[in-house]
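Colleague:
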């Protein structure tokens, strides 16, 4: 009987501790939530996605480079993010110490830049984008997702980043 009470008490304590770590603002709880978002268990909020886009992309580029990016500069952000994801993988194979992009991060970053700077995916055609994504399933699913079903991009639809010349492609 005494062992049962200890087991029940231990279980209750473990549940209460887990709730405390997640519900009460603290560094450990923030790390747990950040890791859950990184792995795709919890979706990124719009603010998280914008912060993530700036923090991850300004590691290698200045923010001006992203803000001035346009349809004449190169492929849509969905392809650019895929290329950066692959580039980080190659750097790490050569001994680099960069945190790899998770699928959830890549999707959130793509939507953030599309929302802030512009989305010209429709002008490239889905077939071409699929080819450029080289089998990246998460980004291919995003490419197939209609704009109105992309929560981060829709939340940023009427906004633009300071210094950006927002550009979108409207098929005729």
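Residue numbers (the numbering used here): 75 to 246.
We put the CB at the ideal spot given by N, CA and C, even for glycine.
Just so it is clear, the structure is predicted and the values come from calculations on it, not from any experiment.
Please return the same chain residues whose Cβ sits closer than 8 Å to the Cβ of residue 126, not counting the five positions on each side in sequence.
Modeller: 118, 179, 182, 183, 186
Colleague: Please name the residue in 188, 167, 165, 153 whose C-alpha comes closest to that of residue 142.
Modeller: Among 188, 167, 165, 153, the Cα nearest to that of residue 142 is on 188.
Colleague: If you check the beta carbons only, do residue 207 and residue 200 fall under 8 Å apart?
Modeller: No, the Cβ-Cβ distance between residue 207 and residue 200 is not below 8 Å.
Colleague: Straight-line CA distance for residue 159 to residue 168?
Modeller: Rounded to the nearest angstrom, the gap between the Cα atoms of residue 159 and residue 168 is 15 Å.
Colleague: Would a C-beta distance cut-off of 8 Å place residue 237 and residue 122 closer than the cut-off?
Modeller: no
Colleague: How would you call residue 150, buried or exposed, if buried means at least 16 neighbouring beta carbons within 10 angstroms?
Modeller: buried
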